[in-house]
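Novice: Going down the list, the protein sequences come from chains A and B.
Going by the numbering used here, the first sequence opens with residue 1, and the numbers climb by one from there.
Going by the numbering used here, the second sequence opens with residue 1001, and the numbers climb by one from there.
Glycine residues also receive a C-beta, built at the ideal position from the N, C-alpha and C atoms.
If you scroll down you'll find the structure; I have some questions about it.
There are 2 protein chains.
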Amino acid sequence: MARGSFRDQVLRVREDAIISSVNRLLAEKGFEQMTVDEVAADVGIAKASLYKHFTSKEALAAAAMVRVLEHTMEVLDQQAAREVSAVERLREVTRWALRVQLAGEMPILPSQNSTLRAELLGHKAYLELLMQVSDRLGEWIVQAQADGDLDRSLPPELVLYTLFARACDPVPGALKASGRHSDEQVIEWVLATCFSGIGVRPS
Amino acid sequence: MARGSFRDQVLRVREDAIISSVNRLLAEKGFEQMTVDEVAADVGIAKASLYKHFTSKEALAAAAMVRVLEHTMEVLDQQAAREVSAVERLREVTRWALRVQLAGEMPILPSQNSTLRAELLGHKAYLELLMQVSDRLGEWIVQAQADGDLDRSLPPELVLYTLFARACDPVPGALKASGRHSDEQVIEWVLATCFSGIGVRPS
DNA sequence: GTCTATAAAGCGATAGAC
DNA sequence: GTCTATCGCTTTATAGAC
């Protein structure tokens, strides 16, 4: 696409910096706990200036959610290009999401009763991307079940929700907080509980 | 214990009603989103009256957390009396927690960065109960690993966190919200993903 | 102990000068 | 577009009459 004038590029860079701050603050405190004053202070501009770029707090969060979904689509494309099984792709995507979360860069899932939820449901770009990501993952889930790599008795919907939930699970953070394990060790453990559970399956 | 005067009993009943309201509102909206005005309106008394019973919003939430932990201890006692394996006890306790959650009566886990967390860390009754519950579950986890019913390669700490996290998982709520499955079906599916994972284990 | 009324503080959003 | 200053609203918590 055309990049526009130099002035426009400067604008885009600034807005990108804003979104980065929002993304980190969302990951750290969640939507309701994040204040617009904090975002402005973190970016280093006045609050009124922030509102010239984004019309509301919800719009700020929506932009961050769109960016993380765009990033997710890139990861999905990378995995689609690999010649590995569907379950292996799912495992790699989950591993990536856990890394992002432990790095403190995974914005919180919009909970059922947030003011954010209403705004996101009216945000076309967000819904479009979320649907794309869900469809892509859904295909791999069905394929992995057909391959005999995922439990066929579980509805794909349940598997999808479970994978999404792992990206915001409190467990990795709690294990990391104990300070006794490396991030990679935590990720492998959580991956194991996600795909194989905590139990020993009867043979 | 002595029940005290009739007047004291009336007080206890009222405080119990307050805690019930707090418990439900905590489950519904979480600590930060729950307002003291709502609690007062739900109980049917004035806000100032509420502050005669509990000195702060945090104290309200702490009382609700203590009550749910007391309830949990009762469930643990029931399971301890059964002559079944440790893993079966863990499964039953988890099943109970999922039922409570789907009934909208499981107060939210205090997140890492809440004002509630500080208050709870200074609340002796809460900490004591939390430790008792954790110790009891920890013993069963170690026993289940020794029995060969839980994966020995996972640290008991990880298993404990995983079980706690299941009690507040967004997945059951999302599945229930779809309206296509019964509560019991949702519970069994989530139990399955927790203990056996979503994958098919290589034989 | 219960109420009404209000204080005190934090927040999202905007006005208006530059 | 950026700033300072402020509005309008919500929320926690308390004062004071009964």
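1. With 8 Å set as the bound, which would you pick, yes or no: does the beta-carbon of A:Tyr126 sit closer than that to a beta-carbon of chain B?
2. Is the beta carbon of B:Pro1172 less than 8 Å from the beta carbon of B:Leu1098?
3. If the criterion is Cβ atoms closer than 8 Å, does the pair A:Leu26 and A:Ile108 meet it?
4. Which full runs of the alpha helix (DSSP H) of 4+ residues lie inside the region 1056 to 1141 of chain B, going along the chain?
5. Would you tell me roughly how many angstroms separate the C-alpha atoms of B:Ala1125 and B:Asp1135, rounded to the nearest one?
6. With distances taken from CA atoms, which of B:Phe1054, B:Arg1201, B:Leu1011, B:Ile1187 is nearest B:Ala1103?
7. So with CB distances below 9 Å, who are the chain A contacts of B:Thr1193?
8. Have a look at A:Leu137 and B:Ala1081 and give me their C-alpha separation to the nearest angstrom.
9. Pull up the distance between the alpha-carbon of A:Arg67 and that of B:Pro1155, whole angstroms please.
10. Given that A:Asn113 touches chain B, what residues does it touch there, using C-beta distances under 9 Å?
11. Going by C-alpha distance, which of A:Glu28, A:Ala59, A:Leu130 is nearest B:Ser1111?
12. Please classify B:Phe1006 as buried or exposed, where buried requires at least 16 neighbouring CB atoms within 10 angstroms.
13. Compare the beta carbon distance of A:Leu50 and A:Ile19 with 8 Å and say whether it is the shorter of the two.
14. Should B:Asp1149 go down as buried or exposed, given a rule of 16 or more other Cβ atoms within 10 Å for buried?
15. Which of the three DSSP states is assigned to B:Leu1050 in this structure?
16. Which of the three DSSP states is assigned to B:Leu1026 in this structure?
17. In the structure shown, what three-state DSSP assignment does B:Gly1004 receive?
18. Measure the Cβ-Cβ separation of B:Glu1015 and B:His1071 and say whether it is below 8 Å.
19. How about A:Pro110: is its C-beta nearer than 8 Å to some C-beta of chain B?
20. Is DSSP giving A:Leu154 helix, strand or coil here?
21. Once the 5 residues before and after A:Ser21 are set aside, which same chain residues still bring their CB inside 8 Å of it?
Specialist: The relevant details are as follows:
1. Position 126 of the first sequence holds residue 126 of chain A. With 8 Å as the cut-off, A:Tyr126 does not count as an interface residue toward chain B.
2. Translated into positions along the second sequence, residue 1172 of chain B becomes position 172. Translated into positions along the second sequence, residue 1098 of chain B becomes position 98. Contact flag set, yes.
3. The sequence position of residue 26 of chain A within the first sequence is 26, counting from 1. The sequence position of residue 108 of chain A within the first sequence is 108, counting from 1. Yes.
4. 1057 to 1081, 1086 to 1102, 1115 to 1121
5. Reading the second sequence from its first residue, position 125 is the one you call residue 1125 of chain B. Reading the second sequence from its first residue, position 135 is the one you call residue 1135 of chain B. Approximately 15 Å, taken between the alpha carbons.
6. Here residue 1103 of chain B corresponds to residue number 103 of the second sequence, with the count starting at 1. Nearest of B:Phe1054, B:Arg1201, B:Leu1011, B:Ile1187 to B:Ala1103, Cα basis: B:Ile1187.
7. Sequence index remark: in the second sequence, residue 1193 of chain B carries index 193 (1-based). Within chain A, the residues near B:Thr1193 are Asp151, Leu154, Leu158, Val159, Thr162, Cys194, Gly197.
8. Within the first sequence, the letter at position 137 stands for residue 137 of chain A. Within the second sequence, the letter at position 81 stands for residue 1081 of chain B. Roughly 44 Å separates the two Cα atoms.
9. For this step, residue 67 of chain A is matched to residue 67 along the first sequence. For this step, residue 1155 of chain B is matched to residue 155 along the second sequence. Approximately 35 Å, taken between the alpha carbons.
10. In the first sequence, counting from the first residue as 1, residue 113 of chain A sits at position 113. Correct list: Glu1028, Lys1029, Gly1030, Gln1033.
11. Taking the first residue of the second sequence as 1, we reach residue 1111 of chain B at position 111. Closest by alpha carbon: A:Glu28.
12. Walking along the second sequence from the start, residue 1006 of chain B turns up at place 6. Classification of B:Phe1006: exposed, given that the 10 Å Cβ count is below 16.
13. For this step, residue 50 of chain A is matched to residue 50 along the first sequence. For this step, residue 19 of chain A is matched to residue 19 along the first sequence. Cβ atoms of A:Leu50 and A:Ile19: not closer than 8 Å.
14. As a first step, residue 1149 of chain B must be located in the second sequence, where it is residue number 149. It counts as buried.
15. Here residue 1050 of chain B is taken as the residue at index 50 of the second sequence, counted from 1. It is helical.
16. Counting from one through the second sequence, the residue named residue 1026 of chain B turns up at place 26. Helix.
17. Along the second sequence, one-based indexing puts residue 1004 of chain B at 4. Residue state, collapsed to three classes: coil.
18. As a position in the second sequence, residue 1015 of chain B is number 15, starting the count at 1. As a position in the second sequence, residue 1071 of chain B is number 71, starting the count at 1. Result no, Cβ atoms of B:Glu1015 and B:His1071 do not sit closer than 8 Å.
19. Here residue 110 of chain A refers to the residue found at position 110 of the first sequence. Taking Cβ atoms only, chain B never reaches closer than 8 Å to A:Pro110, which makes this a no.
20. Against the first sequence, residue 154 of chain A aligns to sequence position 154. Note: A:Leu154 maps to coil in three-state DSSP.
21. Position 21 of the first sequence holds residue 21 of chain A. Cβ neighbours of A:Ser21 beyond the five flanking positions: Val39, Asp42, Val43.
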